[in-house]
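Residue numbering for the sequence shown follows the working numbering, beginning at 594 and increasing consecutively. Every residue, glycine too, gets a C-beta built ideally from N, C-alpha and C.
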Amino acid sequence: MKTFIELVKENISCRGQMWELAKVHQKKQFRGSDMGLMWAFAKPSMYIIVFYVAIVIGFKSSTDLDGLICPYFVWLAIGMISFFYMRDMILNGANCFKKYGAIVAKAKYPIGTLPTTVMISYLLIHFGMLALGVVVCFIFGVWPSIYWLQVPFYMAMMLIMSFFWSIGTGIISVIYRDFYNFLQVANQMVFWLSAILFDVNGLGPRGQFVFLFNPISYIVEGYRNAFCRHIWFWEEPLKLGCFLIVLIIMAAVSMVMYKKLAKRLPDLVQ
C-alpha cells in the first residue's frame, strides 16, 4: 500500500510533465502523415465496419441478442471501442519503460509516471472514439439514458487495470526481452478470447464461467450494458466480484515487483 501511495503522489506532482509527454507521443506517432491524428480513428472504424460486413452480411449470422435494445452494429461498435483502448495498452503499456528509457536515464524523469503517460496518450484517442460511438448511437436511434452515467465507472476500472498491467508487464519486458515479443504474438489471440464479436450471455453457465475472470470481457460487457442493455453494474455482483479479484491480484503482484526493482529500472532500461 505504501508503494502505491508513493506512486500516486509522484503521478500527481508530475501531472504537467505527463500531459506534455503524452502530447509529444501522439505527435510522433503520426508525424509525416497528411491526415495526422485522423489515422487513429480511421483504422478502428474500418475494423468495426469490416467485422460487421463479414459477420452480418458475409456469414449471415443472427444478431438477435438477449436483452439487446439497440441494433447489432451499435452493440459491436461500443464493444470494439472499449477493446481498442485495452488492446493498445496491452502492448504499449508493457513497453512503457523501454520506450522512454532514454528520458529516464538522461533527464532523471520519474519512472513511476511513465505508465500513466502512455495511458493518457491513448485515452485522448479513446475519448474521440467514444464520441464517435455516441454519434453512431444517435444515427441508429439510440438516445442517452440514465444508464450512460455508469460509463465513467467502467472507464475508471479500465484505467486502473491498465495502470497495474503497465507497471507489472513493463518491468517484465525490461528484464525478459522476449516477453514483449510474446505479447505481440498473443495480442490477436486476446481479441478472440475476450468475447468481442459474440455475446457472453448466450453461452450458458459453463461458457460464461470461462469469461468471468477475463477483465477485458468485463469492461467490454460493461460498456455494452450501459449503452445497449441498460443494466447497472451492481446488478451483476458475481461478474464485478471476479473482476475485482483479478484486479487486486494484478495490483499486488505489480506493486511487489515495482517495490523491489524501481531503483534498478533506470539502469535496466538503458
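Determine, using beta carbons only, whether residue i and residue j come nearer to each other than 8 Å.
i	j	result
G672	R817	yes
F634	I789	no
S759	M848	no
Y715	N685	yes
A819	V728	no
N774	R680	no
C821	W612	no
G726	I674	yes
F757	M843	yes
H823	S738	yes
E603	G705	yes
F666	Y645	yes
L831	V767	no
I812	Y740	no
F731	P664	no
Hey, is residue i's beta-carbon within less than 8 Å of any beta-carbon in chain B?
i	result
I765	In the displayed structure, chain B is absent; only one protein chain is listed.
Looking at the unbroken alpha helix (DSSP H) that takes in residue i, where does it start and where does it end?
i	result
E599	K595 to S606
F836	P830 to L854
S810	P808 to R817
P859	L858 to L861
So what's residue i in DSSP terms, helix, strand or just coil?
i	result
R799	helix
N688	coil
V728	helix
D771	helix
V788	In the sequence as displayed, the identity of residue 788 is Ala instead of Val. Coil, per DSSP.
I753	helix
L661	coil
P703	coil
I824	coil
Y693	coil
S735	Before going on, a small fix: residue 735 reads as Val here, not Ser. Reduced to three states, the DSSP call for V735 is coil.
L614	helix
L805	coil
Exercise for review: Pair every Cβ in the segment 845–861 with every Cβ in the segment 826–835, then say whether three or more of these pairs are closer than 8 Å.
Suggested key: no
Review point. How do the segment 759–773 and the segment 610–619 stand: do at least 3 beta-carbon pairs fall below 8 Å, yes or no?
Key: no
Check your understanding: Does the segment 708–715 come within contact of the segment 796–813, defined as at least 3 CB pairs closer than 8 Å?
Key -> no
Check your understanding: Would you call the segment 831–841 and the segment 805–820 in contact, with 3 or more CB pairs under 8 Å?
Key -> yes
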